[in-house]
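The structure under discussion appears below in the form of structure tokens.
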Amino acid sequence: MLKKVVDKFRKPKFANLSSEEKVKHFSDKAIGLFDHMKKAHDELEGINNELLLIATSESKKAEQEMERHQLEIKKISDNMVRAQDEIDMNKKFQEKLAEFIR
């Protein structure tokens with residue numbers, strides 16, 4: 014008795030299916046594959062969006078770092094110019110003092 018009940022709910026073997034049932038089976042399989050491909054497509058789009066955010070963030074960080082370095086280079090360059098100006102002024106003053114010392 015249990016065997017009869019179980020057999021009613023058991024899927025028939027593929028070879029025993031009619032052509033219409035086989036077509037439906039393969040159609041369902043194709044739809045399932047399509048759903049998986051759509052899901053993979055959507056997931057890849059999400060991943061690409063996350064990667065784009067990371068790339069944009071890193072690009073901004075690089076720009077900020079380059080700007081900071083440019084400011085530091087300008088500051089150092091200005092210090093070098095001021096130091097050279099001070100050296101030139103000190104040499105002139107030293108020459109003037111040399112005249113009084115002699």
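In the working numbering, the protein residues as written are 14 to 115.
Where a beta carbon is used, it is the ideal one built from N, C-alpha and C, also for glycine.
Just so you know, these numbers come straight off a predicted model, no measurement behind them.
Exercise. Per DSSP, what kind of secondary structure is S31 in: helix, strand or coil?
Worked result: coil
Exercise. How is R95 classed by DSSP in three states: helix, strand or coil?
Worked result: helix
Problem set entry | For K74 and N103, the rounded distance between their alpha carbons | 43 Å
Exercise. Quick one: Cα of E76 to Cα of L66, how far?
Worked result: 15 Å
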